[in-house]
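Quick mapping for you: the protein sequence lines, in order, are chains A and B. Number 169 in our numbering belongs to position 169 of the first sequence; there are no gaps in the numbering. Number 1186 in our numbering belongs to position 186 of the second sequence; there are no gaps in the numbering. Just so you know, even glycine gets a beta-carbon here, dropped at the ideal spot from N, CA and C.
There are 2 protein chains.
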Amino acid sequence: MRRSQYFLPTLKENPAEAQIVSHRLMLRAGMIRQSSAGIYSWLPLGLRVLKRIEQVVREEQNAAGAMEVLMPTIQPAELWRESGRYEDYGAEMLRIRDRHEREMLYGPTNEEQITEIFRASARSYRDLPRMMYHIQWKFRDEVRPRFGVMRGREFLMKDNYSFDVDYAGAKRSYNKMFVSYLRTFARMGLKAIPMAADSGPIGGDMSHEFQILASTGESRIYCDKRLLEFDALSSEVDYDEDLQPVVDRWTGPYAATDDKHDPAKCPVAKGDLIEARGIEVGHIFYFGTKYSKPLNCAVSGPNGELAPVEMGSYGIGVSRLAGAIIEASHDDAGIVWPEAVAPFKVGLVNLRAGDGACDSACAELYGQLRAKGVEVLLDDRQESAGAKFAEMDLIGLPWQLIVGPRGLAQGKVEIKERRTGAREELSREAAFARLAG
Amino acid sequence: MRRSQYFLPTLKENPAEAQIVSHRLMLRAGMIRQSSAGIYSWLPLGLRVLKRIEQVVREEQNAAGAMEVLMPTIQPAELWRESGRYEDYGAEMLRIRDRHEREMLYGPTNEEQITEIFRASARSYRDLPRMMYHIQWKFRDEVRPRFGVMRGREFLMKDNYSFDVDYAGAKRSYNKMFVSYLRTFARMGLKAIPMAADSGPIGGDMSHEFQILASTGESRIYCDKRLLEFDALSSEVDYDEDLQPVVDRWTGPYAATDDKHDPAKCPVAKGDLIEARGIEVGHIFYFGTKYSKPLNCAVSGPNGELAPVEMGSYGIGVSRLAGAIIEASHDDAGIVWPEAVAPFKVGLVNLRAGDGACDSACAELYGQLRAKGVEVLLDDRQESAGAKFAEMDLIGLPWQLIVGPRGLAQGKVEIKERRTGAREELSREAAFARLAG
């Protein structure tokens, strides 16, 4: 993409309304624009990030054996009356009446709807297990939406639902999602720690939230420092195998959010305890027959007896992650995108747009990199070098490739790694090889 | 994907509520499930088709130089008051009050919103031209939703908006979309005819709807038979060149919908006139300053004077296309997917699941094809051959690869092309080479 033709309305000043760094940087980098309180449009740069996050989530869901569906945003109230949640849900549910005065709502979540879909065709234990997810916009009418996309009203979420014949099956599904979540966040360059969470009236230990570490995170967390050394991507996962050992390894060491942490009871020696800040980006939850019973979603077992299916739900805040990743990865100059979710891999800076040699070197590198499948933003504008560097740092592309007349005269270009700030002069061919690799 | 693990709730009987063939077949093939009137969930098979359609649309929008954004589904009423459409729009607009009693609406279209986004940063003629599109769910509260996804209430649409400094620029943008639409529909295996449409109070000739030919189509159309011979994909397009000759070529021959066709005035000789049925799947429209003026979206020209920008909008019914393609491509046995939008390319039928030789031949072919990037649905269930063939024909995958014990004993498998019904026995290697190519 050529910067001169790109819609990238960056801001020089910090917007007054933004209280946290990700909100400030997303507005300044021209990623989003507020439509109304807690509701945002995703501009070209922001949408690229959102799509890349979505794709990592999708790939890891599919790898774990979940099937993608897409439920609508608008649901009928009757469905929520079946579970008893229509009256209970409170003011966060956006309630709507259509032209025929039928009661509808903008889905804040989809347990009822997926259960209705499944019950319509599932008859026998042979139709299980199944996991189905969708990546769809939800609405929660927060009293005070704030923090940009971190706590919006209209937000994009991946929610997966598992259907099993018994508790043992449900635990297998739960473990698949547990492992899949570790991999999902690790692929995005995030350090995610699973923490035991409330399982409510269901009880048991099958509820975990995933907190990613970020110095500006919203909540205080405590964990055994060994957890920070675990690497979720160090080996391949076979989702058909028993994953309990992996789950046990990650849930063995101590980890607790502020509200659960009791220094008096913490088993970790002081030197081994990490105190940090975190952001919740995922939650997995086993809820048994909580919805299948009232919605009458049952299958016959091998003995022919009907029994309600065992369910769990597994959420990832996709739009929230765009903000959370910035909270975890930025510096004073702007965003520092992990390569897996960066909107472009390379920012190609033409230091003297209009100069024949610079223009043709840039056009050539741009074409060559794109031919290799590398996403490039070429800053071809007639702006000062300072303005271009500042913008590149702000939008946080992993690599800057800088082409100027002085370097070119010696056959050289410069590469800057955004994360470290390290700069290197090298030949065009060497630069191309490095970035195309 | 293994059929035994796939969520594919096909129906043997025709659902009573479905009046048109695409609706019947989408329900029978387990592609969609109704949530409430005019609102559907997309099940795994249906979502695969929807995503493929979406991707073809996206690629052709990007190729024409449009940038993808994503505007939210819920919009503030104030924005529509600026254009005067909030009161005018009528009962099709789904109006909502949030918990603070603020008036909101579920967007039926996005002219106001994109104009607001553009005006916030555009200052000078140098910030133009721009085209920005999104692929987002819309809501129109139809009195009587029907025909499945062909006329739903919640529907997926691609809408693009162009911003230019003057009429000449707007015409260039319009022509880009004209050509891009021809290519988009042709890539999906559809014969699309552009037809002059009402341009309303704006006047002029810059409004076209695109009708695809389908024997069960909703409207009657008339056109010069030469139009059916044109091939939109026969040559590459350079969107930087003048596209007027291409537009002229396609708009030269006579084409009219029923309401515009006047036999007395039709210039085409009777033998050259095609009378057919069509389905509208796209509409492109130049509307000048209709929104930019009231919303005060202006830029300064080279002479420094402020002028409202010239705009156009360009829509494609993405979810509607899933139905429209079926209307255009089916037979008595079921759907016949064009390869470009098929949910899987190959249906691999194991005629005797449980038989060692059949199972291992299928597993091997399945693995080999997937390794080549070919999407395969492997029917590995213990069902009768008849049931498997009927389902494969119903769901309409372009190729069936049939593996049975008798053929295998002679080193043979069978390939069936869904569209023609042509069958061929050949070696496993030859079948693999054919389908992986």
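In this chain, the alpha helix (DSSP H) harbouring K1171 of chain B covers 1167 to 1187.
Each residue's CA atom was taken as its position, placing V1403 of chain B and Q1382 of chain B some 14 Å apart. Rounded to whole angstroms, the gap between the alpha carbons of R119 of chain A and S300 of chain A is 12 Å. Restricting attention to A:K290, A:Y6, A:V56, A:R183, the CA atom closest to the CA of I193 of chain A is found in A:R183. Nearest Cα to I1117 of chain B within the set A:L397, A:E241, A:S35: A:S35. Cβ atoms of G1169 of chain B and E1305 of chain B stay farther apart than 8 Å, at about 16 Å. Cβ neighbours of G1065 of chain B within its own chain (closer than 8 Å, five residues either side excluded): M1131, K1176, Y1239.
Counted as a single uninterrupted DSSP element, the stretch harbouring S1384 of chain B is not any beta strand (DSSP E), since DSSP gives it neither H nor E. Taking 7 Å as the cut-off, the beta carbon of K412 of chain A is found closer than this to the beta carbon of E425 of chain A. Under the DSSP definition of a beta bridge, H1330 of chain B partners with B:I1335. In this structure, B:E1218 is the residue among B:M1071, B:Y1089, B:V1237, B:E1218 with its C-alpha nearest to the C-alpha of Q1019 of chain B.
A direct Cα-Cα distance of roughly 9 Å separates Y1181 of chain B from I1316 of chain B. The alpha-carbon separation between L401 of chain A and P15 of chain A amounts to approximately 29 Å. With a minimum length of 3 residues, the unbroken runs of beta strand (DSSP E) contained wholly in the region 64 to 123 of chain A fall at 74 to 76, 94 to 97, 103 to 106. Residue-level contact by beta carbon holds for I96 of chain A and chain B, with a gap shorter than 7 Å. Against chain B, the CB of M157 of chain A has no partner CB under 7 Å away; the residue lies outside that interface. If you check each beta-carbon in the region 1038 to 1053 of chain B against every beta-carbon of chain A, the ones closer than 9 Å belong to I1039, Y1040, S1041, W1042, L1043, P1044, G1046, L1047, R1048, L1050, K1051. Look at E154 of chain A here: in three-state DSSP terms it is strand.
Look at D259 of chain A here: in three-state DSSP terms it is coil, with no helix or strand label. Comparing C-alpha distances from L365 of chain A to each of A:E87, A:A433, A:T109 shows the shortest one belongs to A:A433.
When rounded, the separation of the alpha-carbon atoms in S360 of chain A and Q368 of chain A is 12 Å. By the Cβ rule, the region 1041 to 1049 of chain B does not count as touching the region 3 to 17 of chain A, because fewer than three pairs are nearer than 8 Å. In the pairwise beta carbon analysis, the region 1318 to 1330 of chain B is classified as touching the region 1151 to 1161 of chain B: at least three pairs are separated by under 8 Å. Relative to the Cα of D141 of chain A, the nearest Cα in the group B:R1102, B:G1312, B:G1252 belongs to B:R1102. Only residues of its own chain outside the window of five on either side were considered, and among them I1053, V1056, L1321, I1325, P1338, A1340, V1341 have a CB closer than 8 Å to the CB of M1188 of chain B, listed in chain order. Nearest C-alpha to G1407 of chain B among B:L1394, B:C1362, B:G1386: B:C1362. For the C-beta of T73 of chain A, the chain B residues within less than 7 Å are, from N- to C-terminus, T1073, W1137, E1154. Bridge pairing for S1427 of chain B: B:K1412 [DSSP]. Under the DSSP assignment, R1033 of chain B falls in the beta strand (DSSP E) whose first and last residues are 1032 to 1036.
Listed in chain order, the alpha helix (DSSP H) runs fully inside the region 4 to 29 of chain A are 21 to 28, counting runs of at least 4 residues. Shown here for T289 of chain A: same chain residues with a beta carbon closer than 8 Å to its own, the five before and five after excluded, namely P308, V309, E310, M311 in chain order. Ranking A:R144, A:N160, A:A29 by CA distance to the CA of M71 of chain A puts A:N160 first. Under a 10 Å Cβ-count criterion, H1023 of chain B is classified as buried, with 16 or more other Cβ atoms of the shown protein chains found around its own Cβ. Under the three-state reduction of DSSP output, L1050 of chain B falls in the helix class. For the region 54 to 68 of chain A, the residues whose beta carbon sits under 8 Å from a beta carbon of chain B are, in order, G65, M67, E68. I1395 of chain B is outside the set of residues whose beta carbon lies under 7 Å from a beta carbon in chain A.
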